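The sequence shown begins at 2 in this note's numbering and counts up by one. Down below is the structure, laid out as structure tokens.
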Amino acid sequence: MSIYKRCSVWWADFTIQGTRYRKSLDVTTEREAKKLERAEIEKANQGLLLGKITDVGRLDFGPALDEYLHERHSGFGRRKSLAPNTVRTERERSAPVKKHIGSIPVKKIQAETVHQYIATRKQAGASNGTINRELDLIRGVLKKAKRWAFMSDSVKGLPPGQTIGRAFTADEKLRLITAAKGNAAWQNARLALTLALNTSMRPCEIKSLQWRDVDWLDRVISLRVSKTAAGVRTIPLNTEAYAAVLELRQRACLLFGDDLAPEWHLFYGTENGGFDESTGTYSRPDPSRPVRHWRRAWRSIMKAAGVHKARFYDSRHTAVTDLLQNPGVSEEVAKAIVGHVSRKMLERYSHQRMEAKRKAVAAISRTSSVETEYSASKDEQLTAPAAN
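Next up, the structure:
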């Protein structure tokens, strides 16, 4: 228990039963500060003050994880706040952690507990990268509770996987697009899928599209926001992509009128993020906000199409692979369309060019065979006896 001075004002900072209380006493003399501190301590003992739990080991892991994420996402002790996507992803990652070990007290978490969690998640089909991100959350809570040092040597992250996604076959693409047309509620996912398959845009690039990015005369989209610097590019629209953008405009005009603001999003969100549980109604569309995701619709489309174990991002992977498999498209043109710059990344996406490589190797084999036969025939002509 103590008081301290900050900018000529005294503060109280004390801990009672694992809960820390820190507040300004709004006085400038030490005597008054001590008197007020005793009064605040009495209120805390009566449960009349809201403090901050510092002894995380007293909590179950679920509440402790919530406390850790609240501090992390509120910017406590950080110079720069986390990106909204990072906050949303970490909250999603916390769900399986709380499901499997959320009811275990933090002080009882041991290395074996974490090993069992890893085994359970691997059995459920989670990738090494996903498990490592979940381990980051577990590590953060245990460090806060001063318990990570006891198991840091025996709990290690998993090696990164070598999976590079998949490219849809022509049949799978047809089934996905056909299935997406079967439900009007899947319109966002269907149009986003069409753009991704025909432009190679990333999901984040599609969500950030605004009407000022569309050039109707030249039929191109200019990406101003992307994952990388190389991603800022201009992409021409083919027939399918142009039709998708037209459909998006028609939908927007029906909802918001013909005068669409340049900064409005093609894929718009809602005023309050979607469904309002307090009123039981959906929020009104808000074109100034980008859509958050179409995850549920995408999963429904995959199920209806009979396509399994696929991500929406694989539609971009498919577009890139199709470009690289086309002998009429140079790698420079492909990079200008998809936004890649490194050879390593191109090789990552061109793994399905194996059939073209086989044909090239076969051509080498045929050339070698012809040359061998030609050489053998010349040798026979040279060694054959002259005719009388």
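The beta carbon of each residue, even a glycine, is placed where N, CA and C say it ideally should be. Just so you know, these numbers come straight off a predicted model, no measurement behind them.
query: Rounding to the nearest angstrom, what Cα-Cα distance links Arg-94 and Ala-34 in this structure?; result: 44 angstroms
query: Do you know how far the Cα of Lys-24 is from the Cα of Arg-234?; result: 51 angstroms
query: Consult DSSP for Ser-279 and reduce its assignment to one of helix, strand or coil.; result: For Ser-279, the predicted structure reports a pLDDT of 48, less than 50, and the residue's modelled location is therefore unreliable. The matter cannot be settled from this model.
query: Comparing alpha-carbon positions, which option in Tyr-5, Leu-66, Arg-191, Thr-271 lies nearest Lys-100?; result: Leu-66
query: Keeping to the same chain, check which residues put their C-beta closer than 6 angstroms to that of Ala-112; ignore five residues upstream and five downstream.; result: Met-152, Ser-155, Val-156
query: Out of curiosity, what's the CA-to-CA distance linking Leu-192 and Arg-203?; result: 13 angstroms
query: Taking Thr-229 as the reference, which of Gly-340, Lys-208, Val-308, Tyr-69 has the closest Cα?; result: Gly-340
query: State the start and end residues of the unbroken beta strand (DSSP E) segment that holds Ile-17.; result: 10 to 17
query: Measure the alpha-carbon distance for Val-10 versus Ser-3 and round it to whole angstroms.; result: 14 angstroms
query: Which first and last residues belong to the alpha helix (DSSP H) in which Lys-310 is found?; result: Where Lys-310 is concerned, there is no enclosing alpha helix (DSSP H), given that its DSSP letter is neither H nor E.
query: Report the residue from Ser-227, Glu-264, Phe-268, Gly-232 whose alpha carbon sits nearest the alpha carbon of Leu-247.; result: Phe-268
query: Taking the alpha carbon of Pro-263 as the reference point, which residue from Asp-214, Tyr-69, Lys-36, Arg-92 has its own alpha carbon closest?; result: Asp-214
query: Tell me the DSSP secondary structure of Ser-95 in three-state form.; result: helix
query: Glu-278 to Thr-195, Cα distance in whole Å?; result: Residue placement at Glu-278 cannot be trusted, given a pLDDT of 47 that sits under 50; the coordinates are not used to answer.
query: Please list, in chain order, all residues of the same chain as Ala-292 whose beta carbon is under 8 angstroms from its beta carbon, the five residues on each side excluded.; result: In the sequence on display, residue 292 carries Val and not Ala. Only Asn-189, Lys-208, His-266, Phe-268, Tyr-269, Gly-270 meet the Cβ criterion.
query: I need the straight-line Cα distance from Ala-311 to Ala-168, nearest angstrom please.; result: 9 angstroms
query: Would you call Asp-172 buried or exposed, if buried means 16 or more other Cβ atoms sit within 10 Å of its Cβ?; result: exposed
query: Assign Trp-217 to buried or exposed, taking buried as 16 or more other Cβ atoms, counted over all protein chains shown, within 10 Å of its Cβ.; result: exposed
query: Skipping 5 residues on each side, what residues in its chain have a beta carbon closer than 6 angstroms to that of Ser-227?; result: Glu-206, Val-233
query: In chain order, what residues of the same chain have a beta carbon less than 6 angstroms from the beta carbon of Ser-316, not counting five sequence neighbours either side?; result: Leu-194, Ala-197, Leu-198
query: I think Ala-335 touches Leu-324, with their Cβ atoms under 8 angstroms apart; what is that distance to the nearest whole Å?; result: 5 angstroms
query: Following the continuous beta strand (DSSP E) through Ser-289, name the residue where it begins and the one where it ends.; result: 286 to 291
query: Look up Asp-61 in the DSSP assignment and say whether it is helix, strand or coil.; result: strand
query: At which residues does the beta strand (DSSP E) containing Thr-271 begin and terminate?; result: 269 to 271
query: Taking the Cβ atom as the reference point for each residue, do Gly-166 and His-309 lie within a distance shorter than 8 angstroms?; result: no
query: On the three-state DSSP scale, how would you describe His-71?; result: helix
query: Pick helix, strand or coil for Lys-182, following the three-state DSSP scheme.; result: coil
query: Look at the alpha carbon of Phe-313 and the alpha carbon of Ala-298, and state the distance between them as a whole number of angstroms.; result: 11 angstroms
query: Might you give, ordered along the chain, the residues of its own chain that have their beta carbon closer than 7 angstroms to the beta carbon of Arg-140, omitting 5 neighbours on each side?; result: Trp-149
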